[in-house]
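Going by our numbering, the first residue of the sequence shown is number 26, and it counts up by one from there. Ideal placement from N, C-alpha and C gives every residue a C-beta, glycine not left out. Presented below is the structure to which this report refers.
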Amino acid sequence: MATLGCASETKKVIEKYNLSIQKKFGQNFLIDDSVLSKTVEAAGVTKEDTVLEIGPGIGTMTQYIADSAGKVIAVEIDRMLIPILEDTLSSYDNVKVINQDILKVDIEKIVQEENGGRPIKVVANLPYYITTPILMRLLESELPIESITVMVQKEVADRMAEKPGSKDYGALSLAVQYYTNPTMVQIVPPSCFIPQPGVDSAVIHLACHKEAPVKTVDSKFMFAIIRGAFAQRRKTLSNGITNANLGITRDQVVLCLEKMGLDPSIRGEKLSLEEFATISNLLYEFTH
Ligand code: SAM
26 MATLGCASET KKVIEKYNLS IQKKFGQNFL IDDSVLSKTV EAAGVTKEDT
76 VLEIGPGIGT MTQYIADSAG KVIAVEIDRM LIPILEDTLS SYDNVKVINQ
126 DILKVDIEKI VQEENGGRPI KVVANLPYYI TTPILMRLLE SELPIESITV
176 MVQKEVADRM AEKPGSKDYG ALSLAVQYYT NPTMVQIVPP SCFIPQPGVD
226 SAVIHLACHK EAPVKTVDSK FMFAIIRGAF AQRRKTLSNG ITNANLGITR
276 DQVVLCLEKM GLDPSIRGEK LSLEEFATIS NLLYEFTH
């Protein structure tokens with residue numbers, strides 16, 4: 026049974042190990058039982074599942090996941106936390122801790138070795154300083170992942186679910202919506218963590234699509250176009266793509282926009298995922 030989801034137990038662990046909390050690793054430990062339970066519930070974790078947890082910290086969320094899952098693989102970068110995890114997770118026989126950087130670890134190998142290549146679920150209270158690189162890695166590597174349920178800064182969760190036309194709509198929104206169906210689970214105030222972060226947080230559930238919602242000739246090429254389109258937000262889409270070093274001329278972009286019935290001076294933030302797929306398919310013909 027999970028024991029760490031409260032302030033008093035978390036403080037006991039911090040004191041017992043004289044733990045100095047590492048800001049540089051984005052360490053904010055959860056202390057709220059209901060937030061933890063609701064996160065694992067939203068992830069739909071069952072005893073059939075192998076879960077990849079990113080950044081177990083002192084093992085708080087790990088305990089909740091391990092109570093529901095068949096197996097938990099927890100990847101933690103901070104080696105000072107490893108002996109603590111051995112202690113706080115000692116009563117669980119279904120948890121394996123790996124002391125590595127999630128941006129470097131071979132996730133494919135983990136899925137093969139720990140789950141016979143079958144899809145896993147990802148559940149985490151992510152370190153906020155690398156939220157986007159972690160999510161982009163999980164999404165773009167097209168690994169067998171069924172869903173991703175993560176605590177992030179609320180502002181980042183909002184961006185993931187954003188629709189065209191909003192100032193927060195961008196490359197992250199498009200990647201999340203191309204690969205998954207996002208749903209907001211809960212808003213979490215700073216008081217649910219030790220130490221308290223300076224911003225509100227949110228748990229978001231990303232159910233990975235079995236099939237992409239739009240057809241692309243080459244999804245990597247589409248994301249190169251998307252990155253170009255949002256690299257300079259105040260520029261027009263045609264200037265953004267032209268400057269992205271993809272060997273595409275401004276005239277080619279304008280021609281495609283006209284073919285699509287769109288204004289040649291349109292900005293990237295106005296285009297839907299479907300329109301990005303269409304324009305990248307048209308541009309692909311010019312460059313390949
Ligand atoms: N899961 C714990 C909880 O909810 O209380 C801790 C979450 S804390 C926000 C983020 C955790 O990610 C920390 O334990 C931190 O050391 C770890 N972390 C930071 N960067 C990491 C990386 N590149 N790879 C793996 N873990 C990382």
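Contacts around residue i, its chain only, beta-carbon distance under 8 Å, and the 5 residues preceding and following it disregarded
| i | result |
| --- | --- |
| K240 | A302 and N306 |
| F128 | The identity of residue 128 in the sequence shown is Leu, whereas the question assumes Phe. Closer than 8 Å at Cβ, skipping near neighbours: I155, P158, I159 and R162. |
| S290 | T261 and S263 |
| R143 | T75, V136 and P169 |
| L298 | L199, Q202, Y203, P238 and V239 |
| I83 | L29, T35, V38, I39, L44, F54, L106, I109, L110 and T113 |
| P215 | Q221, P222, G223, V224, D225 and S226 |
| L197 | T157, L160, M161, V181, R184 and M185 |
| N119 | A91, A94, G95, K96 and V97 |
Proximity test, residue i beta-carbon vs the ligand ADP heavy atom, cut-off 7 Å
| i | result |
| --- | --- |
| T85 | Questions concerning the ligand ADP fall outside what the structure shown contains, since the ligands it does hold are the ligand SAM. |
Cβ neighbours of residue i in the same chain (closer than 6 Å, five flanking residues each side left out)
| i | result |
| --- | --- |
| V213 | V60 and S226 |
| V181 | T156 |
| E187 | D193, Y194 and S198 |
| A99 | E78, P81, T87 and V122 |
| G51 | P152, Y153 and Y154 |
| D57 | C217 |
Own chain partners of residue i with C-beta closer than 7 Å, once the 5 adjacent residues on each side are dropped
| i | result |
| --- | --- |
| M247 | T241, F301, A302 and S305 |
| R104 | N124 |
| S62 | Y89 |
| G293 | A254, F255, L262 and G265 |
| A232 | S172, T205 and N206 |
| C31 | I56 and D58 |
| P189 | E294, K295, L296 and S297 |
Rounded straight-line distance, which links the Cα of residue j to that of residue i
| i | j | result |
| --- | --- | --- |
| D288 | L164 | 31 Å |
| A149 | L114 | 16 Å |
| N268 | R252 | 11 Å |
| Y194 | K41 | 45 Å |
| D276 | L282 | 10 Å |
| V97 | L280 | 51 Å |
| E101 | L271 | 37 Å |
| I315 | D243 | With the chain covering 26 to 313 only, the question about residue 315 has no answer from this structure. |
| Y153 | C217 | 15 Å |
| Q178 | Q211 | 12 Å |
| V130 | E138 | 13 Å |
| L308 | E73 | 44 Å |
| Q257 | K245 | 20 Å |
Nearest-angstrom beta carbon gap, residue j and residue i [assumed within contact, 8 Å]
| i | j | result |
| --- | --- | --- |
| T312 | I273 | 6 Å |
| V228 | M176 | 5 Å |
| S191 | H230 | S191 to H230, Cβ: 21 Å. No contact. |
| S93 | T64 | Wrong, their Cβ atoms sit about 11 Å apart, outside the cutoff. |
| A91 | T174 | Contact flag wrong, Cβ pair sits at about 15 Å. |
Segment limits, alpha helix (DSSP H) that includes residue i
| i | result |
| --- | --- |
| E300 | L298 to T312 |
| I266 | L262 to T267 |
| I159 | T156 to E165 |
| E78 | Looking at the DSSP string, E78 is not in any alpha helix (DSSP H); the run it does join, the beta strand (DSSP E), is T75 to I79. |
| K245 | S244 to A256 |
| N140 | I132 to N140 |
Limits of the beta strand (DSSP E) - the one that residue i falls within
| i | result |
| --- | --- |
| Q14 | One cannot answer for residue 14 here, as it falls past the ends of the chain, which runs 26 to 313. |
| P207 | T205 to V213 |
| V122 | V120 to I123 |
| L231 | S226 to C233 |
| K48 | It is not in any beta strand (DSSP E) - K48 carries neither H nor E in the DSSP assignment. |
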